[in-house]
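Per the working numbering, residue 142 is the first one in the sequence shown, and the count goes up by one each step. Yeah, the Cβ is synthetic: ideal placement off N, Cα and C, and Gly gets one too. As the structure is a prediction and not an experimental result, all values here were calculated from the model. This report refers to the structure that appears directly beneath it.
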Amino acid sequence: MVRRWIAVGVSLVLLCVLSGCSFVNLDTEKQLRAPHAQGEQSDIQTALEQHIYSRNAEAESSDGVISYVLKYPKMGDYRSAFIMKDMDADGKEEAIAFYALQPEGVASHIALLRKIDGRWQCTDDLEGLATEIERIHFADFDGNGRPEMIAGYSMYNTRDRRLMLYTLDDDTLQERYSDTYTHMLVGHMTDSAHDDLLLFRLNTADKQTTVRLLTMENSVIVEKGTAALDSYILQFEKYAFADFGDGVRGVYQDCTKDAQTTITELILWDGKTLSAPLFDPEEKLTTCSARESGLPFFDINGDRRYEWPTSTRLPGDELTPTEDMKVWLTEWYTWDAVLGRTQKVYTDIVNPYDGYQLILPEEWIGRVTAVYDEQKRMLSIRQVTDGQIGDELFAVVAFPAKETNPFGEEFMFLKLTDTTRYELRYNKAVDETLTANMIHEMFSLCEIE
142 MVRRWIAVGV SLVLLCVLSG CSFVNLDTEK QLRAPHAQGE QSDIQTALEQ
192 HIYSRNAEAE SSDGVISYVL KYPKMGDYRS AFIMKDMDAD GKEEAIAFYA
242 LQPEGVASHI ALLRKIDGRW QCTDDLEGLA TEIERIHFAD FDGNGRPEMI
292 AGYSMYNTRD RRLMLYTLDD DTLQERYSDT YTHMLVGHMT DSAHDDLLLF
342 RLNTADKQTT VRLLTMENSV IVEKGTAALD SYILQFEKYA FADFGDGVRG
392 VYQDCTKDAQ TTITELILWD GKTLSAPLFD PEEKLTTCSA RESGLPFFDI
442 NGDRRYEWPT STRLPGDELT PTEDMKVWLT EWYTWDAVLG RTQKVYTDIV
492 NPYDGYQLIL PEEWIGRVTA VYDEQKRMLS IRQVTDGQIG DELFAVVAFP
542 AKETNPFGEE FMFLKLTDTT RYELRYNKAV DETLTANMIH EMFSLCEIE
């Protein structure tokens with residue numbers, strides 16, 4: 142079978158000379174070429190190249206060159222073409238390498254390499270499910286203290302992806318489970334001592350979005366439950382697992398619906414049922430967490446519980462010249478697992494550009510607005526009467542900690558961090574009840590992720 146290999150790097154002959162390898166019966170016209178790693182990874186790559194040549198020694202090519210490319214996972218915590226992991230819990234790391242033979246379009250490969258008698262050697266090589274590797278996860282799904290590996294593969298011209306779960310057994314990678322997904326999360330959802338898998342799927346044809354909870358029981362992956370989500374989700378963003386007590390665990394998942402709308406989905410497992418309590422099954426929408434601001438869910442008040450925001454435009458926000466520098470009247474909500482319902486935490490104005498919030502008194506809601514000056518880094522809180530913007534109540538300005546406030550003596554100290562100094566001014570002539578202490582109580586830092 143004729144294969145065409147495209148040259149892109151340094152020859153294996155030169156690599157063997159430099160590394161002192163004993164592989165000498167190498168046709169100088171048949172070379173392995175790819176950009177080369179450094180240090181220990183260089184030795185691993187040399188062993189990988191020897192394996193690739195040996196495996197494909199009978200292949201003919203039009204230019205006499207055998208060539209490959211290293212494949213890099215595009216997302217997740219592991220972005221390298223070489224991953225070091227102790228897959229069998231023996232205290233020694235194996236090397237997992239991702240590559241594809243040229244030409245473009247052929248399936249990627251996963252190679253397992255071990256250091257035996259001081260030299261790296263390839264002990265297994267599997268062909269993947271597609272050309273591109275989307276992400277790599279390691280997790281202990283069966284609770285035996287040895288990690289399994291999940292490889293997610295991007296599929297051509299579709300948002301669907303394929304995953305394969307691999308386990309290491311006697312120096313070989315075993316394919317244990319395969320599935321289709323759009324978005325995947327690995328974490329602790331059930332009351333077992335091992336990890337679980339959440340697979341999200343967007344079905345645009347049927348306008349359905351679902352999430353499935355999978356876990357391993359008796360060495361077999363089983364589905365524990367499924368739940369419907371907002372039908373118009375386009376993309377999955379920030380997420381976090383959370384423990385709600387009494388055996389209830391869940392995950393917060395921010396989702397983008399369009400350029401203006403972000404929602405938070407909450408997925409819960411109570412030991413029997415997988416549910417999404419913010420989702421309205423009749424409307425097939427999640428509206429109670431929808432916001433235009435794009436703010437993510439966050440532990441806004443430092444109570445180690447997550448809150449999600451809903452946002453309302455403030456009167457006069459047209460005075461802020463650019464749409465991406467708006468500030469919003471924001472209500473923060475959390476999930477009360479005991480009562481089984483959402484609970485409002487408080488209302489604030491978030492300044493994500495300078496990393497703080499102003500928690501408003503309830504009697505101010507609807508009576509004030511905020512205008513942000515990007516150049517001055519100044520947020521001005523103003524009165525609103527009959528829909529008209531009035532005088533400034535107070536303003537907060539932020540500037541580098543080592544600089545002097547360029548706005549003069551009318552400002553007073555508010556807060557100092559390692560990088561930023563915050564100062565304020567307030568106008569008692571507008572509201573005689575206003576004091577510096579009141580503003581101090583409203584102000585708190587919140588570096589939203």
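Rounded to whole angstroms, the separation of the alpha carbons of residue 207 and residue 437 is 48 Å. If only complete runs of 4 or more residues are kept, the segment 204 to 288 shows no alpha helix (DSSP H) anywhere. By the C-beta density criterion, residue 214 is buried, having at least 16 other C-beta atoms within 10 angstroms. Put simply, the backbone Cα of residue 314 is about 55 Å away from that of residue 556. Cβ contact annotation for residue 503 (same chain, cutoff 6 Å, sequence separation greater than five): none.
Within the same chain, Cβ atoms closer than 6 Å to the Cβ of residue 355 are found at 338, 362, 364, the five residues on either side in sequence being excluded. Per DSSP, reduced to three states, the secondary structure at residue 182 is helical. Bounds of the alpha helix (DSSP H) holding residue 583 are 577 to 583.
Its chain contains 388, 412 as the residues whose beta carbon lies nearer than 7 Å to that of residue 332, once the 5 sequence neighbours on both sides are disregarded; these appear in chain order. DSSP, reduced to helix, strand and coil, places residue 193 within a helical segment of the structure shown.
Residue range 469 to 477 is occupied by the beta strand (DSSP E) that includes residue 471.
Taking the CA atoms as reference points, residue 391 sits about 19 Å from residue 441. Annotation for residue 492: the continuous beta strand (DSSP E) segment containing it runs 482 to 492. Taken atom to atom, the span from the alpha-carbon of residue 583 to that of residue 252 is near 57 Å. In summary, residue 320 is buried, with 16 or more beta-carbon neighbours lying within 10 Å of its beta-carbon over all protein chains present. DSSP, read as helix, strand or coil, puts residue 334 in coil. Between the segment 532 to 550 and the segment 558 to 568 there are three or more C-beta pairs closer than 8 Å, enough to call the two in contact. Distance between residue 284 and residue 559, taken at the CA atoms: about 43 Å. Residue environment: residue 238 is assigned as buried (16 or more neighbouring CB atoms within 10 Å of its CB, all protein chains considered).
Here the segment 247 to 266 makes contact with the segment 182 to 193; the two share three or more CB pairs at distances below 8 Å. Within a 10 Å sphere around the beta-carbon of residue 451 sit 16 or more other beta-carbons, which makes this residue buried. Each residue's CA atom was taken as its position, placing residue 385 and residue 530 some 43 Å apart. Pairing residue 395 with residue 402 gives a Cβ-Cβ distance that is not under 8 Å.
Nearest Cα to residue 383 within the set 409, 358, 376: 409.
Nearest neighbour of residue 539 by Cα position, chosen from 528, 520, 297, 254, turns out to be 520. Counting only runs of at least 3 residues, the segment 366 to 447 fully encloses the following beta strand (DSSP E) elements, listed from N- to C-terminal order: 376 to 386, 389 to 399, 402 to 410.
In this structure, the alpha-carbon of residue 227 lies about 27 Å from that of residue 302.
Relative to the Cα of residue 272, the nearest Cα in the group 295, 279, 286, 291 belongs to 295. Counting of Cβ neighbours within 10 angstroms places residue 216 among the exposed residues, the total staying below 16. Assignment of residue 544 by DSSP, reduced to helix, strand and coil, places it in the coil class.
One alpha carbon belongs to residue 425, the other to residue 248, and they sit about 38 Å apart. If you compare the alpha carbons of 293, 588, 430 with that of residue 495, the shortest gap goes to 588.
Rounded to whole angstroms, the Cβ separation of residue 422 and residue 407 is 14 Å, and the two are not in contact under 8 Å. A straight line joining the alpha-carbon of residue 286 with that of residue 230 spans about 7 Å. In the three-state reduction of the DSSP assignment, residue 187 falls in the helix class. Around residue 267, the same chain offers 251, 314 as residues with beta carbons nearer than 6 Å, after the five sequence neighbours per side are excluded.
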